[in-house]
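Numbering (UniProt numbering), first residue to last: 1 to 64. Quick reminder that beta carbons are idealized off the backbone N, C-alpha and C, glycines included. These notes are about the structure you will find just below.
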Amino acid sequence: MTLQLTVPNMACSACSDTITNAVKSLDSNAKVNADPKTKIVSIETQATEADVKQVITAAGYTVA
1 MTLQLTVPNM ACSACSDTIT NAVKSLDSNA KVNADPKTKI VSIETQATEA DVKQVITAAG
61 YTVA
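Below, the structure is given as structure tokens:
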């Protein structure tokens, strides 16, 4: 499943790394592309959308 999520408070590459690590803690095989410029996170994962949003939120980010 591919998800495209908007994360408005992702500001820099460190933010994208934090989000990537959070998603990979849920699904180690996930492919994550987090772009701080567009605020878009594209994720290929077997995890549910709800679980992915939960780990990103737990990492301190807002998912719009």
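Your pair Ala22 and Val55 checks out as a contact, with CB atoms roughly 5 Å apart and the cut at 8 Å. The continuous beta strand (DSSP E) containing Ala34 extends over residues 31-35.
For Thr20, the three-state secondary structure derived from DSSP is helix. Considering only Ala58, Ala50, Thr6, the residue with the shortest C-alpha distance to Asn33 is Thr6.
In this structure Thr45 is in contact with Asp27, their Cβ atoms being roughly 5 Å apart against a cut-off of 8 Å. Scanning the segment 34-62 from its first residue to its last, the whole alpha helix (DSSP H) runs of 4-plus residues come out as 49-58.
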